[in-house]
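In my numbering, the protein residues as written are 123 to 305. We treat Cβ as the ideally placed atom computed from N, Cα and C, and that holds for glycine. Remember, it's a predicted structure, so these values are computed and weren't measured experimentally.
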């Protein structure tokens with residue numbers, strides 16, 4: 123094992139069209155997010171939804187998105203009607219992040235829709251979709267890993283780490299997060 127190369131980042135190559143838009147468009151979004159989105163007054167929920175839609179996000183009606191939310195690629199984001207996204211939430215949308223109707227993603231939660239294949243030395247990047255179905259509450263400071271589906275009506279307890287799918291209608295807690303009781 124001493125001579126084995128586990129990771130050779132000099133051989134990393136960004137997959138074609140991985141970001142889903144050109145470099146200039148991506149940079150433009152990050153500038154708009156930093157200067158306009160983030161500095162918009164708290165009550166301008168419709169304005170922030172409008173900005174996200176302008177960059178390709180599919181945002182439902184009556185969605186509340188706080189100004190400190192960070193979205194990597196809005197064109198890979200879908201949020202259903204009447205959902206809330208809290209302060210300092212990170213939507214790391216390397217893959218699609220799909221949040222259903224009437225769902226809450228509470229403050230400081232991190233939805234990570236991408237990773238690297240550590241088994242290949244070139245460490246290729248992968249977008250892996252996250253689905254948060256309708257009527258879900260993700261409590262504060264929760265980490266949701268790539269490829270996870272959280273079932274309808276689930277509650278994910280504060281500071282949980284979600285590494286696998288969670289069943290609908292259950293209260294789930296812990297690290298790793300597990301279903302503990304019916305909602």
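- DSSP places residue 151 in the uninterrupted alpha helix (DSSP H) bounded by 145–154.
- Straight-line spacing of the CA atoms in residue 282 and residue 143 works out to 33 angstroms.
- DSSP links residue 248 through a beta bridge to 237.
- Assigned with DSSP and collapsed to three states, residue 200 falls in strand.
- Distance between residue 171 and residue 236, taken at the CA atoms: about 23 angstroms.
- For residue 284, the closest C-alpha among the options 233, 208, 155 is that of 233.
- Taking every protein chain shown into account, the CB of residue 254 has 16 or more other CB atoms within 10 angstroms, so this residue is buried.
- The DSSP-derived three-state label of residue 127 is coil.
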